[in-house]
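Worksheet: one structure, shown below.
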Amino acid sequence: MLGLIISIIIVGLIAGFIARAVIPGKQDMSILMTIVLGIVGSFVGGFLGFLLFQHDAMDGFFQPAGIIGSIIGAIIVLLVYGLVRGRGGAARRRS
Numbered sequence: 001m002l003g004l005i006i007s008i009i010i011v012g013l014i015a016g017f018i019a020r021a022v023i024p025g026k027q028d029m030s031i032l033m034t035i036v037l038g039i040v041g042s043f044v045g046g047f048l049g050f051l052l053f054q055h056d057a058m059d060g061f062f063q064p065a066g067i068i069g070s071i072i073g074a075i076i077v078l079l080v081y082g083l084v085r086g087r088g089g090a091a092r093r094r095s
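Be aware that the sequence shown starts at 1, since it is given in our numbering, and climbs by one per residue.
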């Protein structure tokens with residue numbers, strides 16, 4: 001169980017770091033938030049993989065993905081986060 005948790009954290013860190021490197025601009029995130037980004041991205045990647053291929057090794061709807069799926073999911077999460085955060089910031093500046 002401890003090995004699973006450590007591997008999820010490591011994959012989350014790698015996926016979050018690569019996603020932050022791929023997306024242009026500055027993201028003000030700590031290491032912990034980068035890990036959370038990668039972990040959430042892993043589940044998003046697993047969900048999208050299930051939707052695209054309709055089956056997986058665990059045969060579940062909500063699951064973690066491999067490293068490639070985690071990176072793709074983290075990029076998607078970071079893009080959505082940037083859009084939501086950008087809109088909120090623009091609305092606050094106009095007021």
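We put the beta carbon where it would ideally sit given N, CA and C, even for glycine.
As the structure is a computational prediction, the values presented were derived from the model and not from experiment.
{"query": "The alpha helix (DSSP H) enclosing isoleucine 23, as first and last residue numbers", "result": "Run containing isoleucine 23: none; DSSP gives neither H nor E here."}
{"query": "Three-state secondary structure (DSSP) of alanine 65", "result": "coil"}
{"query": "Cβ distance (whole Å) where alanine 74 is taken to contact glycine 16 below 8 angstroms", "result": "5 angstroms"}
{"query": "Threonine 34 versus isoleucine 68 - alpha carbon distance", "result": "16 angstroms"}
{"query": "Environment of alanine 91 [buried if 16+ CB atoms lie within 10 Å]", "result": "Because alanine 91 sits at a pLDDT of 48, beneath the cut-off of 50, its placement in the model cannot be relied upon, and the point is left open."}
{"query": "Spatially closest choice to isoleucine 14 from Ile72, Tyr81, Leu79, Gly86, by CA coordinates", "result": "Ile72"}
{"query": "Straight-line Cα distance separating valine 40 from glutamine 27", "result": "16 angstroms"}
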